[in-house]
Amino acid sequence: MKCIIVDDEAAARAITRQLCKKIEELVIEEEFDNAIDAIKYLNSETVDLIFLDIHMPTFSGFDFIQTLKNPPQIILTTSDKNFALDAFEYDCVVDYLVKPITPERFAKAVERMKDRTAPAKTEEPVLTSSDDTASIGNDLYVNIDRRLVKINIPDICVIEAKGDYIKIKAEDKNYIVHSTLKKIEEKLPNSLFLKVHRSYIINTTKIVDIEDNSVLIKQDVIPVSRANKKELMQRLNLL
Amino acid sequence: MQLDTPNLSYIQMLSDGDEEFETSMIAILKRELPVEKEAFVQSIQNKNYKNSAELVHKIKHKISILGLEKSYEFAVSFEEALKNDDSSGYDTFMRILQNMEDFLTKI
Chain S
943 MKCIIVDDEA AARAITRQLC KKIEELVIEE EFDNAIDAIK YLNSETVDLI
993 FLDIHMPTFS GFDFIQTLKN PPQIILTTSD KNFALDAFEY DCVVDYLVKP
1043 ITPERFAKAV ERMKDRTAPA KTEEPVLTSS DDTASIGNDL YVNIDRRLVK
1093 INIPDICVIE AKGDYIKIKA EDKNYIVHST LKKIEEKLPN SLFLKVHRSY
1143 IINTTKIVDI EDNSVLIKQD VIPVSRANKK ELMQRLNLL
Chain C
1101 MQLDTPNLSY IQMLSDGDEE FETSMIAILK RELPVEKEAF VQSIQNKNYK
1151 NSAELVHKIK HKISILGLEK SYEFAVSFEE ALKNDDSSGY DTFMRILQNM
1201 EDFLTKI
């Protein structure tokens, strides 16, 4: 797995490099102390994963992501917890590591990255966050910035696990909520929703088509794990 | 504020016996900390508190690398204070930097 490190701090780059050494699959191709040089590199090279510092002078990690047309998977590294919600607005962001990074937390982030690219795995996720969701009838209330925001449950298309957060993709809007797939799953009707992968719950009525181990919902290709495919197929009205 | 004692526990945990990594990390800290401290002092003297907050942000990672939990908490709040043009934590932060420099000189 080809990786690059983008961080203005030499100590942080050395730590990330050392953490990568402990994981055989990770090969550090290059390191950059600024985002501009990394962009130039990516104009001619492709990588599988970027370890990206958010807080860099002149050109931040978020600025960097926005310049990439087809971003690879990105693991953000930061000394600041306050960017977590912004981070998960980007589909390419796999995880968000707060410095000082421990080897255990680093390994977990790499596992998350591998799960995204290998959808056949079926282990249950480690779930640790508090519940910020509640449902009444057809409505689901989610806690966003201390406000309870109402979402019409049938409008929900996909729910994706994003570290300690979930991303709810509804018909008109996306929501980032501090909760877990397990907790939101309990609030949703089984007749509509199915967990098809350790990181995804889908609204089965929103499926456009199914191909091998993935389903298309709106514009999103959602992986389906082997263990969950059988139940998915049983729910469908097959000709 | 009573200062906590710097240590190499985090670096040693990461190194897992890799002496080259330990030496390289300590060399980076010894090289960068005085430069960042100088830039911070200059920035405070120029009353450029936004830039001072940026420098505290950068330095606070080094504080955590040296296992200074209390000092790290102080740095987090000092960074926020500087963003609001409040530099009243300057003396304490300078003591933290001196504490780190003294430790790095001895090892």
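If you're matching them up, the sequences are chains S and C in order.
Just so we're aligned: 1045 in the numbering used here is position 103 of the first sequence, and the numbers increase by one with no gaps anywhere.
Just so we're aligned: 1188 in the numbering used here is position 88 of the second sequence, and the numbers increase by one with no gaps anywhere.
Ideal Cβ positions, reconstructed from N, Cα and C, are used throughout, including at glycine.
Alpha-carbon to alpha-carbon, residue j and residue i
i: residue 1183 (chain C); j: residue 1021 (chain S); result: 16 Å
i: residue 1152 (chain S); j: residue 1119 (chain C); result: 52 Å
i: residue 1016 (chain S); j: residue 1039 (chain S); result: 11 Å
i: residue 1096 (chain S); j: residue 1145 (chain S); result: 8 Å
i: residue 969 (chain S); j: residue 957 (chain S); result: 15 Å
i: residue 1065 (chain S); j: residue 1050 (chain S); result: Since pLDDT at residue 1065 (chain S) reaches only 38, below the 50 mark, its modelled position is unreliable, and no value is offered.
i: residue 1059 (chain S); j: residue 1166 (chain S); result: 12 Å
i: residue 1106 (chain S); j: residue 1099 (chain S); result: 20 Å
i: residue 1080 (chain S); j: residue 1092 (chain S); result: 10 Å
i: residue 1012 (chain S); j: residue 972 (chain S); result: 19 Å
i: residue 1007 (chain S); j: residue 1101 (chain S); result: 23 Å
i: residue 1111 (chain S); j: residue 1126 (chain C); result: 46 Å
i: residue 946 (chain S); j: residue 981 (chain S); result: 11 Å
i: residue 1177 (chain S); j: residue 1147 (chain S); result: 10 Å
i: residue 1030 (chain S); j: residue 993 (chain S); result: 15 Å
i: residue 1046 (chain S); j: residue 1138 (chain C); result: 35 Å
i: residue 1180 (chain S); j: residue 1132 (chain S); result: 19 Å
i: residue 1115 (chain S); j: residue 1035 (chain S); result: 19 Å
i: residue 1175 (chain S); j: residue 1164 (chain S); result: 15 Å
i: residue 1150 (chain S); j: residue 961 (chain S); result: 41 Å
i: residue 1204 (chain C); j: residue 1146 (chain C); result: 28 Å
i: residue 1130 (chain S); j: residue 1109 (chain S); result: 15 Å
i: residue 1133 (chain C); j: residue 1162 (chain S); result: 46 Å
i: residue 1143 (chain C); j: residue 1191 (chain C); result: 14 Å
i: residue 1159 (chain C); j: residue 1112 (chain C); result: 20 Å
i: residue 1094 (chain S); j: residue 1118 (chain S); result: 15 Å
i: residue 985 (chain S); j: residue 1104 (chain S); result: 28 Å
i: residue 1123 (chain S); j: residue 1186 (chain C); result: 42 Å
i: residue 1057 (chain S); j: residue 1121 (chain C); result: 30 Å
i: residue 950 (chain S); j: residue 998 (chain S); result: 6 Å
i: residue 1069 (chain S); j: residue 1135 (chain C); result: Low per-residue confidence applies at residue 1069 (chain S): pLDDT is 32, beneath 50, and the placement is therefore not dependable enough to give any value.
i: residue 1110 (chain C); j: residue 1009 (chain S); result: 35 Å
i: residue 1164 (chain C); j: residue 1018 (chain S); result: 18 Å
i: residue 1207 (chain C); j: residue 963 (chain S); result: 25 Å
i: residue 1062 (chain S); j: residue 1126 (chain S); result: Because the pLDDT of residue 1062 (chain S) is 45, which lies under 50, any placement of that residue in the model is unreliable, and the number read from its coordinates should be weighed accordingly. Whole-angstrom Cα-Cα distance: 22 Å.
Residues bridged to residue i [DSSP beta-bridge criterion]
i: residue 1139 (chain S); result: S:1142
i: residue 1089 (chain S); result: S:1086
i: residue 992 (chain S); result: S:946 and S:1016
i: residue 1111 (chain S); result: S:1100 and S:1116
i: residue 1162 (chain S); result: S:1159
i: residue 1094 (chain S); result: S:1081
i: residue 1037 (chain S); result: S:1017
i: residue 974 (chain S); result: S:948
i: residue 1152 (chain S); result: S:1157
i: residue 1141 (chain C); result: According to DSSP, which records beta bridges pairwise, residue 1141 (chain C) is partnered with nothing at all.
i: residue 969 (chain S); result: S:944
Closest by C-alpha distance to residue i, when choosing among the options
i: residue 1202 (chain C); options: C:1158, C:1130 and C:1115; result: C:1130
i: residue 952 (chain S); options: C:1176, C:1104, C:1162 and C:1102; result: C:1162
i: residue 1023 (chain S); options: S:1042, S:999 and S:1014; result: S:1042
i: residue 1155 (chain C); options: C:1197, C:1168 and C:1102; result: C:1197
i: residue 1000 (chain S); options: S:989, S:1010 and S:979; result: S:979
i: residue 1172 (chain S); options: S:1161, S:1163 and S:1155; result: S:1155
i: residue 1135 (chain S); options: S:986, S:1170 and S:950; result: S:1170
i: residue 1179 (chain C); options: C:1106, C:1194, C:1152 and C:1192; result: C:1152
i: residue 1128 (chain S); options: S:1090, S:1082 and S:949; result: S:1082
i: residue 1044 (chain S); options: S:1115, S:983, S:1117 and S:954; result: S:954
i: residue 1189 (chain C); options: C:1206, C:1207 and C:1140; result: C:1140
i: residue 1194 (chain C); options: C:1110, C:1174, C:1117 and C:1147; result: C:1174
i: residue 1102 (chain C); options: C:1117, C:1168, C:1115 and C:1116; result: C:1168
i: residue 1048 (chain S); options: S:965, S:1126 and S:995; result: S:965
i: residue 987 (chain S); options: S:1014, S:1123 and S:1104; result: S:1014
i: residue 1148 (chain C); options: C:1122, C:1164, C:1181 and C:1116; result: C:1181
i: residue 1085 (chain S); options: S:974, S:1160 and S:1120; result: S:1120
i: residue 995 (chain S); options: S:1010, S:1054, S:975 and S:1009; result: S:975
i: residue 1032 (chain S); options: S:1053, S:1055, S:1052 and S:1004; result: S:1004
Residue i beta carbon near the ligand MG (any heavy atom closer than 7 Å)
i: residue 947 (chain S); result: For the ligand MG, the structure offers nothing, since it holds no ligand at all.
Going along the segment 1115–1139 of chain C in order, which residues come within less than 9 Å of chain S, judged by CB to CB distance? Residues of the segment 1115–1139 of chain C with a C-beta atom less than 9 Å from some C-beta of chain S are 1115, 1116, 1118, 1121, 1124, 1125, 1128, 1129, 1131 and 1132, listed in chain order.
Return the residues of the segment 1150–1178 of chain C that lie within a Cβ-Cβ distance of less than 8 Å from chain S, sorted by chain order. 1154, 1157, 1158, 1160, 1161, 1162, 1164 and 1165
Output needed in chain order: residues of the segment 959–981 of chain S with a Cβ under 9 Å from some Cβ in chain C. Cβ contacts with chain C come from 959, 960, 961, 963 and 964.
Interface positions of the segment 1178–1195 of chain C facing chain S (Cβ-Cβ less than 8 Å), listed along the chain: Taken residue by residue, none of the segment 1178–1195 of chain C has a beta-carbon sitting less than 8 Å from a beta-carbon on chain S.
Using Cβ-Cβ distances below 8 Å, what residues of the segment 1011–1023 of chain S are close to chain C? 1021 and 1022
Cβ-based contacts, 8 Å cut-off: residues of the segment 985–999 of chain S near chain C: 997 and 999
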